[in-house]
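J.:
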DNA sequence: GCGGCTTTTGGCAGCGCTGCCAATCCGGTT
DNA sequence: AACCGGATTGGCAGCGCTGCCAAAAGCCGC
């Protein structure tokens, strides 16, 4: 248990074999519980492992094993600042843990070039799979993914063609459903308040779906505000204030997500505007706080954790190429 | 660039060497920009790499290199549901990225046994470092970390002794500062509202510091409510409602974090209680939304990103054993 | 046009592990 | 007592790469 060794050389399987008085292959078999071994061998190996404090070297194991590694998954997310992606990771790690697969992560900052560089970097660890966010990638990223000999799972978005497996929901459909809800509730002068669309392509798809559905109802966007930088309550608050200054008559706002919507709600509280009487608010994501608000936020709950879990199952077992997990429109009290 | 190879065997360095008409070592040197090489060799290798779509195998590289790997960092966080940890990861990955080090993550769910198992699992990838959260671990975890031949960095908490490097701030001091602030503002009947303390030891330390400072002022906690499960606005809202039912006379509440405080604020809004007139609210973390609230939340801003960055620098360069990054008390409008 | 020097190069061992295969062991048979 | 089939075992090659070292090539001035 103490395993004092000259730092620099760690205990190896060979050490364990010598200590246990058995061959290397026997130790290997016992440790992986693979092939047959006698009770005696198992005991001696277990003792030696404990005595020496042996930690197997998976680098070597994966190298020697068939088809390189299979115990790492490379995950690239655009950001960690938006709760969505930690939630995704949460679902992933939770489900992958049981299978002994670890996630190596990369954060692309919504930059396709960075994503490509990260894909190459992660692929160099010979992961069992590469998990990407969204369907839009550099050609180079796609080439890497295809040539890499790994499974590829694209998460979150189902609006388009994937490289291999795709798990998510339709952002366009979310936008459309949100618009229909607002229209059905009688709102007519509806604005959009979002963060940078160039950067968050999924938000752009939601907006496209939203505008399309608005169009079907004979309406169009009554103002729009795109805030630079990432989404945040602060940005949502400032955005709504600016939007109202320009379009004092609007009666509803569709936000790029709940964080922005929360900021909008705060703006209304601060300005004494009644919600949804004077102005209705509609978000996206269905975050925890939405339900705790004095007036529960009207929003769309996305299956973020479930996407992670399903993506994990794409690596472990076989599963369909494209999984649409849908979404749920939450009729809160703000729209 | 297309690199069509029979799936199952990926392009190896040997293939590149053959294609480029040079020796393996030359390819290796060129690729790592290590040692000297002629311009001609560099060009031929670059061409061959591009033509074959070669992606180096770091598994093999790390195994062959000195002292095993040095390009992976094992990170264990207790949760991904609390913004704090994604923020930590954000700081980490951001700073480690430049050095080409990738993070392999593990989520312990606040369970020390799980943490130990994860430590062993991560160590088996022979990372350059093991990054843990907090200072409290199983003896087995500590033994692994010490014997693992890796740098160990414990993040977030500085109240206690670390295994190796420690980066964070004093949670006790945060609690004490929060208490002093409330006392100085004239609040006397102060309650605590938190989530499971057994599980979140740092929250426990804050509370201990809070109570100690209250004691110095001749006060003690006027009620406390510990909610089961993780912190969330929903939990904070329900908690404050229950707390007020039991202690209708309290004039301030110290929350285990901003999420809980946000829920408390919502409870006040819903019940029509003026903040801070009727009841003052004080949070912890300084999250984005705190500043966007109609009345900015009084809270303590913690250097989460910076902790991640400093932790990263502990792996890259040399740095002091213990880094206390402090915190900032934000005098909002709610306390 | 030849030493003496530096720069560049390739061969090969070996990192720690696994898969393969032949050797050994065991218990029961004939 | 010699024999047999299956269970168990150990030796060893090799996964893809890097470090070491000696060999080869280039370069200088005389």
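Chains as they are written, first to last, in full-length UniProt numbering: chain P, 1 to 335; chain Y, 1 to 335. A virtual CB, placed ideally from N, CA and C, is assigned to each residue, including glycine.
1) What does DSSP give as the partner residues of residue 107 (chain Y) in its beta bridges?
2) Does DSSP put residue 178 (chain Y) in a helix, a strand or coil?
3) Using a C-beta cutoff of 8 Å, does residue 123 (chain P) count as contacting chain Y?
4) Check the Cβ-Cβ distances between residue 6 (chain Y) and every residue of chain P, and say whether any is below 8 Å.
5) Examine chain P for any beta-carbon lying closer than 8 Å to the beta-carbon of residue 279 (chain Y), and answer yes or no.
6) Is it the case that the stretch 40-51 of chain Y contacts the stretch 21-32 of chain Y, given that we only count it when at least three CB pairs across the two stretches are under 8 Å?
7) Report yes if the CB atom of residue 133 (chain Y) is closer than 8 Å to the CB atom of residue 324 (chain Y), and no otherwise.
8) Please confirm whether residue 334 (chain P) has its beta-carbon closer than 8 Å to some beta-carbon of chain Y.
9) Which word fits residue 271 (chain P), buried or exposed, when buried means at least 16 other C-beta atoms lie within 10 angstroms of its C-beta?
10) Just the C-alpha distance for residue 314 (chain P) and residue 320 (chain P), rounded to the nearest angstrom, thanks.
11) Please state the DSSP three-state secondary structure of residue 84 (chain Y).
12) Smallest Cα separation from residue 301 (chain P): which of P:330, P:282, P:160?
13) Using a Cβ cut-off of 7 Å, which residues of the stretch 279-310 of chain P contact any Cβ in chain Y, in chain order?
14) Run down chain P in chain order and give the residues with a C-beta less than 7 Å from the C-beta of residue 262 (chain Y).
15) State the DSSP-derived secondary structure class of residue 146 (chain Y), mapped to helix, strand or coil.
16) Mark residue 113 (chain P) as exposed unless 16 or more other C-beta atoms lie within 10 angstroms of its C-beta, in which case mark it buried.
17) Nearest by alpha-carbon distance to residue 18 (chain Y): which of Y:51, Y:154, Y:267 is it?
18) Just to make sure I have the definition right: I need the residues of chain P whose C-beta is within less than 8 Å of the C-beta of residue 57 (chain Y). Which are they?
19) Report all residues from its chain with a CB closer than 6 Å to the CB of residue 262 (chain Y); omit the five preceding and five following residues, and keep chain order.
20) Taking one C-beta from the stretch 204-217 of chain P and one from the stretch 232-250 of chain P each time, how about it: are there three or more such pairs within less than 8 Å?
21) May I ask you to report which of helix, strand or coil DSSP gives residue 51 (chain P)?
22) With 16 as the cutoff for other CB atoms within 10 Å, does residue 249 (chain Y) come out buried or exposed?
23) If we call anything under 8 Å between Cβ atoms a contact, is residue 255 (chain Y) one with residue 293 (chain P)?
24) Measuring only between beta-carbons, confirm whether residue 27 (chain Y) sits less than 8 Å from chain P.
25) Just curious, the beta strand (DSSP E) that residue 225 (chain Y) is in, first and last residue?
26) What does the alpha-carbon distance come out to for the pair residue 211 (chain Y) and residue 230 (chain Y)?
27) So, for residue 268 (chain Y): in the same chain, excluding its five sequence neighbours on each side, which residues have a beta-carbon less than 8 Å away from its beta-carbon?
28) When you compare each of Y:34, Y:36, Y:55 to residue 15 (chain Y) by their alpha carbons, which one comes out closest?
29) In whole angstroms, what is the alpha-carbon distance linking residue 334 (chain P) and residue 91 (chain P)?
30) Should residue 20 (chain P) be labelled buried (16 or more other beta-carbon atoms within 10 Å of its own) or exposed?
31) Closest to residue 70 (chain P) by CA distance: which of P:223, P:120, P:103 is it?
32) Pop quiz: residue 122 (chain Y) and residue 74 (chain Y) are said to be a contact at Cβ under 8 Å. What is the actual Cβ separation, rounded to whole angstroms?
33) Look up residue 255 (chain P) in the DSSP assignment and say whether it is helix, strand or coil.
34) Spell out whether any CB of chain Y is found under 8 Å from the CB atom of residue 248 (chain P).
35) Candidates P:195, P:327, P:25: which alpha carbon is nearest residue 45 (chain P)'s?
T.: On the basis of the coordinates in this document:
1) Residue 107 (chain Y) pairs with Y:77.
2) If DSSP states are grouped into helix, strand and coil, residue 178 (chain Y) belongs with the helices.
3) Residue 123 (chain P) counts as touching chain Y.
4) Low per-residue confidence applies at residue 6 (chain Y): pLDDT is 43, beneath 50, and the placement is therefore not dependable enough to give any value.
5) Not an interface residue.
6) Yes: at least three Cβ pairs fall under 8 Å.
7) Their beta carbons are not under 8 Å apart, which means residue 133 (chain Y) does not touch residue 324 (chain Y) by this criterion.
8) With 8 Å as the cut-off, residue 334 (chain P) does not count as an interface residue toward chain Y.
9) Counting Cβ neighbours within 10 Å, residue 271 (chain P) comes out exposed, since fewer than 16 surround it.
10) If I take the Cα positions, the gap works out to 8 Å.
11) Three-state DSSP puts residue 84 (chain Y) in a helix.
12) Selected option, being the one with the closest Cα: P:330.
13) Listed by position, the residues of the stretch 279-310 of chain P near chain Y (Cβ gap below 7 Å) are 288, 289, 291, 292, 293, 294.
14) Here the neighbours are 289.
15) In this structure, residue 146 (chain Y) counts as helix in the three-state DSSP scheme.
16) Label assigned to residue 113 (chain P): exposed.
17) Residue 18 (chain Y) has its Cα closest to that of Y:51, out of Y:51, Y:154, Y:267.
18) Against chain P, the beta carbon of residue 57 (chain Y) has neighbours under 8 Å at 63, 68, 124, 126, listed in chain order.
19) Around residue 262 (chain Y): 233.
20) No, they do not touch.
21) In the three-state reduction of the DSSP assignment, residue 51 (chain P) falls in the helix class, which pools H, G and I.
22) Residue 249 (chain Y) should be labelled exposed.
23) Not a contact, by the Cβ cut-off of 8 Å.
24) It does not: the Cβ of residue 27 (chain Y) has no partner Cβ on chain P nearer than 8 Å.
25) It spans 224-227 - the beta strand (DSSP E) in which residue 225 (chain Y) sits, taken as one unbroken run.
26) Computed Cα separation, rounded: 22 Å.
27) Excluding sequence positions up to five before and after residue 268 (chain Y), its CB lies within less than 8 Å of the CB of 240, 274, 275, 278, 279, 281, all in the same chain and listed in chain order.
28) Nearest option by C-alpha distance: Y:55.
29) Rounded to whole angstroms, residue 334 (chain P) and residue 91 (chain P) show a C-alpha spacing of 29 Å.
30) It counts as buried.
31) The candidate whose alpha carbon is nearest that of residue 70 (chain P) is P:103.
32) Right, their Cβ atoms sit about 3 Å apart.
33) In the structure shown, the three-state DSSP call for residue 255 (chain P) is strand.
34) For residue 248 (chain P), the answer is no, since every Cβ of chain Y falls outside 8 Å of its Cβ.
35) Among P:195, P:327, P:25, the Cα nearest to that of residue 45 (chain P) belongs to P:25.
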